[in-house]
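Visitor:
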Amino acid sequence: MSRNGKVSGTAGNLMGILLIVVGVIIAGNVLDWWDISIFFKGWWTLFIIVPCAGNVRRYGFRTGWGAGLVVGVLLLLSQWSLFSFGWAIKLALPVLLILYGLYVLGNGARFNRVAPDGVHPVHGKNSSYNAIFSGQETSFPGEEFFGANVNAIFGGVEFDLRSSIIVEDVTIDATALFGGIDIYLPDDVNVKVASTALFGAAENEVKRDVVPEWPTVYIRATSIFGGVDIH
15 MSRNGKVSGT
25 AGNLMGILLI
35 VVGVIIAGNV
45 LDWWDISIFF
55 KGWWTLFIIV
65 PCAGNVRRYG
75 FRTGWGAGLV
85 VGVLLLLSQW
95 SLFSFGWAIK
105 LALPVLLILY
115 GLYVLGNGAR
125 FNRVAPDGVH
135 PVHGKNSSYN
145 AIFSGQETSF
155 PGEEFFGANV
165 NAIFGGVEFD
175 LRSSIIVEDV
185 TIDATALFGG
195 IDIYLPDDVN
205 VKVASTALFG
215 AAENEVKRDV
225 VPEWPTVYIR
235 ATSIFGGVDI
245 H
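Residue numbers for the sequence shown follow the working numbering, so the first one is 15 and each next one is one higher.
1) Would you identify the three-state DSSP class for L91, choosing helix, strand or coil?
2) Just mark K221 as buried or exposed, buried being the case when its beta carbon has 16 or more other beta carbons within 10 Å.
3) Between A190 and S209, which are expected to be in contact by the criterion C-beta below 8 Å, what is the C-beta distance as a whole number of angstroms?
4) For N218, which residues of its own chain have a beta-carbon under 6 Å away from its beta-carbon, when the five flanking residues on both sides are left out?
5) Bridge partners of L9, per DSSP?
6) Quick one: what does DSSP say F147 is sitting in, helix, strand or coil?
7) Distance check for F173 and D183, CA to CA, integer angstroms please.
8) How is I50 classed by DSSP in three states: helix, strand or coil?
9) With the cut-off set at 9 Å, would you say F192 and I167 are in Cβ contact?
10) Quick one: what's T185 bridged to in DSSP?
11) Should A188 be labelled buried (16 or more other beta-carbon atoms within 10 Å of its own) or exposed?
12) Report the option in G170, Q150 and F159 whose CA atom is closest to the CA atom of P200.
13) Looking at the structure shown, is F61 part of a helix, part of a strand, or coil, going by DSSP?
14) Select from I31, A211, I146 and P226 the residue whose C-alpha is nearest the C-alpha of V203.
15) Tell me the DSSP bridge mates of I195?
16) Taking the continuous beta strand (DSSP E) assigned at E158, which residues delimit it?
Here it is as structure tokens:
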């Protein structure tokens with residue numbers, strides 16, 4: 015995301031191109047310029063597959079994007095009768111568990127680590143906080159916050175920064191896949207949100223003027239059958 019909060023990157027470009035192409039084809043059909051049928055079985059799954067594939071390519075096979083891509087492909091195959099929708103639902107849980115296990119193996123050192131005193135977790139830049147078929151409440155009382163990845167997959171996350179210390183611009187990547195994320199911000203920060211939603215929404219409830227002296231919290235929200243709320 016750029017400093018002005020606009021969406022950038024492969025996923026946004028692919029989604030924009032897809033929407034333009036679909037719009038041009040439909041318009042041409044209406045005006046009798048051509049007769050092109052784009053509504054093949056499962057065409058709607060492209061709105062899941064394309065953004066997820068773009069972000070997997072850009073950011074790597076993260077839990078949220080990887081799971082979304084797998085779900086989208088399974089849904090497409092089920093529409094073509096190459097895969098039973100019933101089996102797709104049954105396989106959703108083990109596939110997500112496998113993906114999550116791989117994610118933990120590759121990034122375990124970045125999860126909530128315990129400091130030498132055994133009391134306070136260490137929250138480094140781009141730490142990950144995940145709720146997979148569960149709920150999680152995370153707060154940072156009196157601690158400096160450096161940014162994070164927050165994922166809710168068939169679960170919910172309450173991410174509370176109201177008592178944290180933010181002294182410089184930070185970024186939060188929030189992905190809600192069949193889940194929900196609530197982000198609570200302190201009063202002395204600016205907030206800029208860039209969102210991508212598919213049968214979901216990202217809602218910014220923070221309504222205040224920008225103060226140049228304050229740090230900015232950049233939130234990149236992705237909602238796929240889920241929601242991200244900023245308070």
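Every residue, glycine too, gets a C-beta built ideally from N, C-alpha and C.
Guide: Reading it off the structure:
1) helix
2) exposed
3) That belief does not hold up - the Cβ atoms of A190 and S209 are roughly 10 Å apart, past 8 Å.
4) V207 and I244
5) In the structure as shown, the chain begins at 15 and stops at 245. Residue 9 is therefore absent and cannot be evaluated.
6) coil
7) 17 Å
8) coil
9) yes
10) Y232
11) buried
12) F159
13) helix
14) P226
15) V171 and V242
16) No beta strand (DSSP E) contains E158, which DSSP labels as neither H nor E.
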